[in-house]
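Position 97 of the first sequence, counted from 1, bears residue number 97 in UniProt numbering, the numbering being contiguous throughout.
Ideal Cβ positions, reconstructed from N, Cα and C, are used throughout, including at glycine.
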Amino acid sequence: MPELPEVETTVRGLESVLAGRVLTRVEPRRADLRRAFPHDLRQRMTGARVTGLGRRAKYGLVHTDRGDTMVFHLGMSGRWRVDPEEIGTHDHLVVETDEGRRLSLMDPRRFGSVDLMATEALPDWAPFKALGPEPLSADFNAAQLGDALKGRIAPIKAMLLDQRIVAGLGNIYVCEALNIARIAPTREAGRLTGPKRTLLVEAARQVLTEAIAAGGSTLRDYARPDGELGYFSKQFRVYGREGEPCPCGKGVVTRRVDSGRSTFYCRACQR
DNA sequence: CCCGACGCCTGAGCGC
DNA sequence: TGCGCTCAGGCGTCGG
1 MPELPEVETT
11 VRGLESVLAG
21 RVLTRVEPRR
31 ADLRRAFPHD
41 LRQRMTGARV
51 TGLGRRAKYG
61 LVHTDRGDTM
71 VFHLGMSGRW
81 RVDPEEIGTH
91 DHLVVETDEG
101 RRLSLMDPRR
111 FGSVDLMATE
121 ALPDWAPFKA
131 LGPEPLSADF
141 NAAQLGDALK
151 GRIAPIKAML
161 LDQRIVAGLG
171 NIYVCEALNI
181 ARIAPTREAG
191 RLTGPKRTLL
201 VEAARQVLTE
211 AIAAGGSTLR
221 DYARPDGELG
231 YFSKQFRVYG
241 REGEPCPCGK
251 GVVTRRVDSG
261 RSTFYCRACQ
271 R
């Protein structure tokens, strides 16, 4: 599930359960996901009070009063379940609070990750240092994008998926933003004009903001034991809509595959 | 450095 | 019903 809006929705859901609470149990149920769990995760998190939550790109952050931050990434299939009735084989980390609430990080494909570090060291953490600006911040704009794309001959779609250019977009929202901005995914990144970059920045902000709003409205669903987030697929303009009419009214949604990843776009309006 | 391909995992859905 | 195939929202690494 996880691109920026889904992580944001997840963090907001976790916040209602964890903020201000003491963690009475923190139990990894296997040794690793994509990489090993921190060996001292249980010891450093158990008994700590959660002082706040946050998000950076597609990473969720859980800050504690011990000066630590647990950083999680949901990979392709990760999600947090709230008060699950049963703990299964894909529940890799279980957390309980002093209010008797229980959370489990479920991730069948195990492309996710959990890390733990001093909060003050977060900005120096290599994966964070490499990240580009938050797409919803003012640091992401046509000028910054112009600098980042200057001279790049790779297709714009690949550049937008590169978290060093802008941090938080994934395959779905890149397809959606390019459709809104009427830019072909294959377009050489460095050749986008200033006005087109402005349109693209605005389109990305729009689609992310709308998706977060839709996610926010399904927070009740989020809290269901099955953890279903209630996706916003009904609102997708092109993603997963091969053969259907493009909202532009002039074309049909086409699907192409590059290095195993699907791209959905409209040849009539995206140039 | 830049770029594209590939592997990591498991489950769901589909055609036969 | 069962099997095999394709596909999936991410990302790090490896060659060219």
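Check: Count the other CB atoms within 10 Å of the CB of D107; is the residue buried (16 or more) or exposed (fewer)?
Finding: Here residue 107 is taken as the residue at index 107 of the first sequence, counted from 1. The residue is buried, with at least 16 neighbouring Cβ atoms inside 10 Å.
Item checked: Check whether residue 275 and H73 have beta carbons under 8 Å apart -> There is no way to answer for residue 275, as the model of the chain reaches only from 1 to 271.
Next item on the list: Below 8 Å CB to CB, which residues in the same chain sit around I183 once its five sequence neighbours on both sides are set aside?
Entry: The residue given as residue 183 occupies position 183 in the first sequence. Excluding five sequence positions before and after I183, the CB atoms of its chain that fall closer than 8 Å to its own CB belong to I156, L192, K196, L199, L200, Q270, R271, given in chain order.
Check: On the three-state DSSP scale, how would you describe P38?
Finding: Here residue 38 corresponds to residue number 38 of the first sequence, with the count starting at 1. DSSP places P38 in coil when its eight states are reduced to three.
Next item on the list: For S262, I'd like the list of residues in its chain whose CB is within less than 6 Å of its CB, leaving aside the five on either flank, ordered along the chain.
Entry: Taking the first residue of the first sequence as position 1, residue 262 is located at position 262. Cβ within range, chain order: R255.
Check: Using the C-alpha atoms, what's the distance from P84 back to D148?
Finding: If you number the first sequence from 1, residue 148 lands on position 148. If you number the first sequence from 1, residue 84 lands on position 84. Checking the sequence, you will find Ala at residue 148 rather than Asp. So the alpha carbons of these two residues sit roughly 43 Å apart.
Margin query: Using 8 Å as the threshold, is the C-beta distance between E176 and R102 below it?
Written below: The residue given as residue 176 occupies position 176 in the first sequence. The residue given as residue 102 occupies position 102 in the first sequence. Their beta carbons are not under 8 Å apart, which means E176 does not touch R102 by this criterion.
Checklist line | Spatially closest choice to N179 from F140, V253, T119, by CA coordinates | finding: Taking the first sequence and counting its residues from 1, the one referred to as residue 179 is at position 179. Per the Cα distances, V253.
Check: Expressed to the nearest angstrom, what Euclidean distance is found between the alpha-carbon atoms of A19 and R79?
Finding: Counting from 1 along the first sequence, the entry for residue 19 is found at position 19. Counting from 1 along the first sequence, the entry for residue 79 is found at position 79. The straight-line gap from Cα to Cα measures roughly 18 Å.
Next item on the list: Measure how close the beta-carbons of I153 and G190 come, nearest whole angstrom, since I'm counting them as under 8 Å.
Entry: Locating residue 153 in the first sequence gives position 153, where the first residue counts as 1. Locating residue 190 in the first sequence gives position 190, where the first residue counts as 1. Contact flag correct, Cβ pair sits at about 6 Å.
Next item on the list: Using a threshold of 8 Å, state whether the C-beta atoms of R44 and D65 are closer than that.
Entry: Here residue 44 corresponds to residue number 44 of the first sequence, with the count starting at 1. Here residue 65 corresponds to residue number 65 of the first sequence, with the count starting at 1. Not closer than 8 Å, so no.
Checklist line | Where Y173 sits in the DSSP three-state scheme | finding: Your numbering for residue 173 matches position 173 in the first sequence. In the structure shown, Y173 sits in a helix (DSSP, three-state: H, G or I).
Checklist line | V17 versus P185, T97, A213, residue with shortest Cα-Cα distance | finding: Working through the first sequence from its first residue, we reach residue 17 at position 17. Cα-wise, what sits closest to V17 is T97.
Item checked: L53 beta carbon less than 8 Å from that of L61 -> For the purposes of this step, residue 61 is identified with residue 61 of the first sequence, where counting begins at 1. For the purposes of this step, residue 53 is identified with residue 53 of the first sequence, where counting begins at 1. For L61 and L53, yes; Cβs fall inside 8 Å.
Next item on the list: Report the three-state DSSP secondary structure of T46 (helix, strand or coil).
Entry: Along the first sequence, one-based indexing puts residue 46 at 46. Correct three-state label for T46: coil.
Check: Can you tell me whether DSSP reads L149 as helix, strand or coil?
Finding: Taking the first residue of the first sequence as position 1, residue 149 is located at position 149. L149: helix per DSSP, three-state reduction.
Next item on the list: Could you pull the start and end residues of the alpha helix (DSSP H) that A76 belongs to?
Entry: Position 76 of the first sequence, counted from the start, is the residue given in the question as residue 76. One detail in the question is off: residue 76 reads as Met in this sequence, not Ala. No alpha helix (DSSP H) contains M76, which DSSP labels as neither H nor E.
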